[in-house]
Amino acid sequence: TDSSTAVPMMSDASGKASGGGNGTGAGSIPPVRVVVAVSEGLVQLKLVDEAGGIRRSSLANVWSYRALDSKWWKPQDGLSLPLVRLYCKYLGGAIALVPMEGFGTDCYVAFNRLPHENCEQILPAPSGVLAGGGDGNI
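If you want my numbering, it's the position in the sequence shown, counting the first as 1, plus 106.
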């Protein structure tokens, strides 16, 4: 699937929020849970963090590239959510956030699953050509 780019970006955003002291745990970093569901034509992901949620007044800003101009944005925050949304739309998918202010945020992502015939087939190496370090181990 094409989730190999979106999942690390979403996990990064959740991890930064959880590690940023916004969590509900006393002195500990709350976990970020990932649930993956795969069907014949769809891959769905759910990321759940307990980082304190997103204020309703700030929810519109999480999708904005203009966040770079805001006072609360720091360079280490990145642009994870706007880029994940762009990536999802490009691939015919969708992303949704469900924040619970004071607790955490659930993030849902869905991608269309590519049929096997659309995937690139990697050909085996020709005989006599070694892959790896040249010791015959691949």
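We put the beta carbon where it would ideally sit given N, CA and C, even for glycine.
All values reported here derive from a predicted model rather than from experimental measurement.
For TYR171, no alpha helix (DSSP H) run applies, since DSSP gives it neither H nor E. Taken in chain order, the unbroken stretches of beta strand (DSSP E) that lie wholly in the region 128 to 157 and span 3 residues or more are 138 to 144, 148 to 155.
Taking C-alpha positions only, SER163 is separated from LEU151 by approximately 26 Å. Here DSSP, grouped into helix, strand and coil, assigns LEU203 to strand.
Spanning the alpha carbons of ALA202 and THR211 requires a straight line of approximately 10 Å.
Pairing LEU153 with VAL138 gives a Cβ-Cβ distance under 8 Å. In terms of Cα proximity to LEU165, the closest of VAL140, CYS213, TYR196 is CYS213.
In this model, VAL190 and VAL204 are separated by some 16 Å (Cα to Cα). Check the Cα spacing between ILE160 and each of LYS195, ALA200, ALA216, LEU187: the tightest is with LEU187. Burial of ALA157 is indicated by the presence of at least 16 other C-beta atoms within 10 angstroms of its C-beta.
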